[in-house]
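Structure first, then comments.
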Amino acid sequence: MSTRRTAVVTGGSKGIGAAIVEAFCGRGWRVVFSARRETDLASRLGGAAMFVQGDVRDRETHQALVRAAVDWTGRLDAYVNCAGVSIWKPLADVDEVFLDLVWETNVKGTFWGCQAAAAHFLAEGTGGAIVNVSSLAGKRGSANNSVYCASKFAVNGLTQALAKELGPRGVRVNAVCPVYIDTPSLRESLAEAVSPAGGAPFEPFIADFAAKNAALGRIPRAGEVADLCAYLASDEASAITGQCVNVDCGVLPS
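Shown next, in the form of structure tokens:
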């Protein structure tokens, strides 16, 4: 068995997920990460990371990720559920296709990841850490965002419930709740007319949002979310579980 800790990160090919993969690798971990499409991230990180194609809506994807980690290094220490989808849509325009896409990705995808990770941790009796990437939208609602908000409230509830259920057997479960993070996906979403930006240019909208809402006058960086995920998976956070920690530069409370 490898002496290097091993993590699984879903949605790890770009944006916040890629930053999480890099943060763990930078701390000496081995990382198995998944997405529906591969990028050059694994090759850039050399032997520290391995890509496994998969769709988080598929329960078997998560089981395969656990197996890949154990087959590669002989161990699994942390599981980060980062894969998600964020699209604004007014209530009247929501149909079953849209509802299923968001719910199955954000809620079922996170649930299956928690289940697969917990099954391994409990079977091995070693304990472990689960980190769910939620959102500030899981703590307060916003217009044209009912489905996404509901999905992230669900992720926070799942995090708290599993912390109680799994804690007695040494498994910690936490969530991180970022506000806007500058990623290609966010820029694409905010370009839509029904988004809070109303399709306005990204930089002026974000600057105005930060000035009016963030105590620090800026929005967080993806690396800052990633650093918190790595911390929550570490021994330094051994007393922390059941928490949904804001990464928002002081947007909430407001």
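If you're matching positions, the sequence shown starts at 425 in our numbering and goes up one per residue.
A virtual CB, placed ideally from N, CA and C, is assigned to each residue, including glycine.
Mapping the DSSP letters down to three states, classify residue i as helix, strand or coil.
| i | result |
| --- | --- |
| Ser613 | helix |
| Ile630 | helix |
| Gln584 | helix |
| Pro608 | helix |
| Pro602 | strand |
| Gly675 | It should be pointed out that residue 675 corresponds to Val in this sequence rather than to Gly. Val675 falls in the coil class under three-state DSSP. |
| Asn679 | Coverage of the chain is limited to positions 425 through 678, which leaves residue 679 absent and any answer about it impossible. |
| Ala459 | strand |
How far does the beta strand (DSSP E) with residue i in it reach, from first residue to last?
| i | result |
| --- | --- |
| Thr434 | 430 to 434 |
| Val490 | First-last for Val490: 483 to 497, but that is the alpha helix (DSSP H), not the beta strand (DSSP E). |
Compute the Euclidean distance between the alpha carbons of residue i and residue j, then round it to the nearest angstrom.
| i | j | result |
| --- | --- | --- |
| Asp659 | Pro620 | 39 Å |
| Asn568 | Thr550 | 43 Å |
| Pro625 | Ala615 | 7 Å |
| Val600 | Ala543 | 22 Å |
| Leu515 | Ala663 | 40 Å |
| Asp501 | Glu484 | 19 Å |
| Ser613 | Asp482 | 24 Å |
| Lys563 | Cys573 | 8 Å |
| Lys513 | Phe522 | 9 Å |
| Asp464 | Asn580 | 32 Å |
| Gly452 | Val432 | 14 Å |
| Arg429 | Arg454 | 6 Å |
Kindly indicate the opening and closing residues of the alpha helix (DSSP H) around residue i.
| i | result |
| --- | --- |
| Ala553 | Run containing Ala553: none in the alpha helix (DSSP H); it sits in the beta strand (DSSP E), 552 to 557. |
| Gln539 | 533 to 548 |
| Val518 | Here Val518 belongs to no alpha helix (DSSP H), and DSSP marks it neither H nor E. |
Open item on the list: Under 8 Å: do the stretch 592 to 612 and the stretch 484 to 497 share three or more Cβ pairs, one atom per stretch?
Closed with: no
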